[in-house]
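Enquirer: In this text, residue positions in the sequence shown follow UniProt numbering: the first is 1, and each later residue adds one.
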Amino acid sequence: MEAVSRTAQWTAAARALETEREDRLFADPYARTVADQIGFDLLERYAGGGTVPFLAIRTTYLDRAIVKTVRERGIRQVVFLAAGMDTRFFRLPWPDGVTVYELDRPALLAAKADMLKDEPQPAGRTRVTVPVDLTQDWTGPLKEAGWKSDEPVLWVVEGLLFFLPEQAVRTLISTLSAHAAPGSVLLGDVISKAALGNPLARSFMKALEEDGNPWLFGTEEPEELLADCGWAVREVKQPGEDGAHFDRWPYPVPARSVPRLPRSFLFTCDVPTYEEGSAA
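1) Contact between the segment 136-144 and the segment 31-46 is defined here as three or more beta-carbon pairs at a separation below 8 Å; is this criterion met?
2) Are the segment 146-161 and the segment 72-83 in contact at 8 Å, needing three or more beta carbon pairs?
3) Which residues does DSSP pair with Gln-77 in a beta bridge?
4) I'd like to know whether the C-beta atoms of Gly-215 and Leu-208 end up nearer to each other than 8 Å.
5) For Thr-268 versus Val-185, is the C-beta distance shorter than 8 Å?
6) Per the DSSP calculation, residue 285 is bridged to which residue(s)?
7) Buried or exposed: which applies to Ile-57, given that a residue is buried once 16 or more other Cβ atoms fall within 10 Å of its Cβ?
8) For His-245, I'd like the list of residues in its chain whose CB is within less than 8 Å of its CB, leaving aside the five on either flank, ordered along the chain.
9) Assign Thr-273 to one of three DSSP states: helix, strand, or coil.
10) What first and last residue would you give for the beta strand (DSSP E) that runs through Val-132?
11) Assuming Phe-162 and Gly-218 make a contact with CB atoms under 8 Å, what is their CB distance in whole Å?
12) Taking its Cβ as the centre, do 16 or more other Cβ atoms sit within 10 Å of Ser-257, making it buried, or is it exposed?
13) If we ignore side chains and look at the alpha-carbon of each, how far apart do Leu-109 and Phe-89 end up?
14) If I measure Cβ to Cβ from Cys-229 and keep anything under 7 Å in the same chain, skipping five residues before and after, which residues do I get?
15) Could you tell me the alpha carbon to alpha carbon distance between Ala-27 and Glu-18, rounded to whole angstroms?
16) Under the assumption that Val-236 contacts Pro-252 (Cβ atoms under 8 Å), give the Cβ distance between them as a whole number of angstroms.
17) I'd like the list of long-range same chain contacts for Asn-198, defined as Cβ closer than 6 Å, with 5 residues on each side in sequence excluded.
18) Do you know whose CA, among Ile-38, Arg-91 and Pro-182, lies nearest Arg-64's CA?
19) If you count every other CB in all the chains shown that lies within 10 Å of the CB of Pro-259, and 16 or more means buried, which is it?
20) Our contact map puts Thr-99 next to Val-128 with C-beta atoms below 8 Å; I'd like the distance itself, whole angstroms only.
21) With Glu-166 as the anchor, note down where its alpha helix (DSSP H) starts and where it stops.
22) Measuring only the C-alpha atoms, how far is Lys-112 from Val-52?
23) Given a threshold of 16 other Cβ atoms within 10 Å of its Cβ, counted over all protein chains shown, does Pro-272 qualify as buried or as exposed?
24) Using only the alpha-carbon positions, how far apart do Pro-120 and Glu-102 sit?
25) Label Ala-107 either buried or exposed according to how many other C-beta atoms from any shown protein chain fall within 10 Å of its C-beta, with 16 as the threshold for buried.
26) Apart from the five residues on each side of it in sequence, which residues of its chain come closer than 6 Å, Cβ to Cβ, to Ser-278?
27) Evaluate Gln-9 with the Cβ neighbour count: other Cβ atoms within 10 Å of its Cβ, from every protein chain shown; 16 or more gives buried, anything less gives exposed.
28) Let me check one thing: in DSSP terms, what residues is Arg-125 bridge-paired to?
29) How about Ser-192 and Glu-224: are their beta carbons less than 8 Å apart?
30) Find the nearest neighbour of Pro-95 within the set Asp-36, Thr-126, Asp-114 and Pro-250, judged by alpha-carbon distance.
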């Protein structure tokens with residue numbers, strides 16, 4: 001696999017560690033399989049004080065938001081961009097009729113298929129893998145795979161945006177908005193610009209760069225970014241805040257008014273209504 005794809009395996013390793021806790025927040029019985037030994041080696045290489053708890057929180061926040069959104073909105077097409085070693089198709093309680101589209105680089109999807117080839121496909125749901133480069137046109141291949149742009153969609157952008165330059169981030173989020181029918185939802189995460197230069201994370205950042213996976217993008221104002229790109233922000237949470245703590249975050253949560261601090265953000269967005277778009 002390409003170096004950029006291996007990042008998916010260390011996040012899978014973190015999910016495996018959470019799964020094996022007695023007080024686990026979620027169960028991912030596939031995580032060790034897709035992490036492979038390299039995932040645990042990389043997790044040790046990249047380990048920082050908040051890495052493992054953050055990944056547990058991010059997974060839990062998105063798991064719960066995905067399940068709630070699909071149930072309450074009646075959405076039946078879910079698209080994971082840069083799906084990596086995500087196993088939610090297998091492990092979440094999807095309602096009948098859901099189609100899950102997983103977009104990622106061809107080499108990663110091929111490796112993942114080989115790792116999961118012996119796992120039974122859950123009934124009542126469909127998984128479609130779409131090999132693409134997200135820096136190129138991907139909406140065409142997604143439509144060819146069966147996605148319907150005139151029906152509501154749940155977009156999930158997890159662990160991706162900080163690997164892209166700013167213009168690519170804005171283009172991607174704007175593309176998601178432009179192809180989101182009424183009732184669609186966007187879930188994801190992003191970091192602050194200050195996190196890119198955090199002295200306490202210097203060894204982590206250096207290791208990512210050496211491995212060909214540098215973090216490139218952050219923003220102190222995720223609400224502004226998302227709104228500029230066509231989304232109505234429902235909520236933005238920092239790990240440790242109410243609704244994004246789950247008894248895992250070990251550090252104080254600084255107020256957003258305190259400048260130049262490293263932060264992570266988890267967000268939920270909706271397609272703006274006509275009134276919201278007019279007021280913007």
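We put the beta carbon where it would ideally sit given N, CA and C, even for glycine.
All of these numbers come straight from a predicted model, not from anything done at the bench.
Expert: Here's the rundown:
1) no
2) yes
3) As a working mapping, residue 77 is identified with position 77 in the sequence shown. DSSP, once it has assigned bridges, lists Thr-99 as partnering Gln-77.
4) Taking the sequence shown and counting its residues from 1, one reaches residue 215 at position 215. Taking the sequence shown and counting its residues from 1, one reaches residue 208 at position 208. One point to set straight first is that residue 215 is Trp, not Gly, in the sequence displayed. In this structure, Leu-208 lies closer than 8 Å to Trp-215 by Cβ.
5) If you number the sequence shown from 1, residue 268 lands on position 268. If you number the sequence shown from 1, residue 185 lands on position 185. Their beta carbons are under 8 Å apart, which means Thr-268 touches Val-185 by this criterion.
6) Nothing about residue 285 can be reported from this structure: the residues present for the chain run from 1 to 280 only.
7) For the purposes of this step, residue 57 is taken as the residue at position 57 of the sequence shown. Ile-57 is buried by the Cβ-count criterion.
8) Counting from 1 along the sequence shown, the entry for residue 245 is found at position 245. Once the five neighbours on either side are set aside, the close Cβ partners of His-245 are Ile-57 and Pro-239.
9) Working through the sequence shown from its first residue, we reach residue 273 at position 273. Coil, per DSSP.
10) As a first step, residue 132 is located in the sequence shown; it is residue number 132 there, counting from the start. Looking at the DSSP string, Val-132 is not in any beta strand (DSSP E), and its letter there is neither H nor E.
11) Along the sequence shown, one-based indexing puts residue 162 at 162. Along the sequence shown, one-based indexing puts residue 218 at 218. Phe-162 to Gly-218, Cβ: 6 Å. Contact.
12) Counting from 1 along the sequence shown, the entry for residue 257 is found at position 257. Exposed, by the Cβ-count rule.
13) Taking the first residue of the sequence shown as 1, we reach residue 109 at position 109. Taking the first residue of the sequence shown as 1, we reach residue 89 at position 89. Going by the C-alpha atoms only, they are around 14 Å apart.
14) Here residue 229 corresponds to residue number 229 of the sequence shown, with the count starting at 1. Closer than 7 Å at Cβ, skipping near neighbours: Arg-170, Ile-173, Ser-174 and Ser-177.
15) Against the sequence shown, residue 27 aligns to sequence position 27. Against the sequence shown, residue 18 aligns to sequence position 18. Ala-27 and Glu-18: Cα-Cα distance of roughly 8 Å.
16) Translated into the one-based positions of the sequence shown, residue 236 becomes position 236. Translated into the one-based positions of the sequence shown, residue 252 becomes position 252. Incorrect: roughly 18 Å between the Cβ atoms, too far for contact.
17) As a first step, residue 198 is located in the sequence shown; it is residue number 198 there, counting from the start. For Asn-198, where only same-chain residues beyond five positions count, the Cβ hits under 6 Å are Pro-262.
18) Your numbering for residue 64 matches position 64 in the sequence shown. It is Arg-91 whose Cα lies nearest to the Cα of Arg-64.
19) For the purposes of this step, residue 259 is taken as residue 259 along the sequence shown, with counting starting at 1. Burial call: exposed.
20) For this step, residue 99 is matched to residue 99 along the sequence shown. For this step, residue 128 is matched to residue 128 along the sequence shown. So it is a contact: roughly 6 Å between Cβ atoms.
21) Position 166 of the sequence shown, counting from 1, holds the residue named residue 166. 166-178 is the span of the alpha helix (DSSP H), which, as asked, contains Glu-166.
22) Start at 1 with the first residue of the sequence shown, and residue 112 comes out as number 112. Start at 1 with the first residue of the sequence shown, and residue 52 comes out as number 52. Taking the straight line joining both Cα atoms gives about 22 Å.
23) On the sequence shown, residue 272 is found 272 positions in, with the first residue counted as 1. Label assigned to Pro-272: buried.
24) Locating residue 120 in the sequence shown gives position 120, counting from the first residue. Locating residue 102 in the sequence shown gives position 102, counting from the first residue. Answer to the nearest angstrom: the Cα atoms are 17 Å apart.
25) For this step, residue 107 is matched to residue 107 along the sequence shown. Exposed is the call here.
26) Looking up residue 278 in the sequence shown gives position 278. Note that Ser-278 scores a pLDDT of 46, beneath 50, so its modelled location is shaky; the value from the coordinates is reported in the next line. Correct list: empty, nothing qualifies.
27) Here residue 9 refers to the residue found at position 9 when the sequence shown is read from its first residue. Result: buried.
28) As a working note, residue 125 is residue 125 in the sequence shown. Beta-bridge pairing links Arg-125 to Val-98.
29) For the purposes of this step, residue 192 is taken as residue 192 along the sequence shown, with counting starting at 1. For the purposes of this step, residue 224 is taken as residue 224 along the sequence shown, with counting starting at 1. Going by C-beta atoms, Ser-192 is not nearer than 8 Å to Glu-224.
30) Position 95 of the sequence shown, counting from 1, holds the residue named residue 95. Of the listed residues, the one whose Cα sits closest to Pro-95 is Thr-126.
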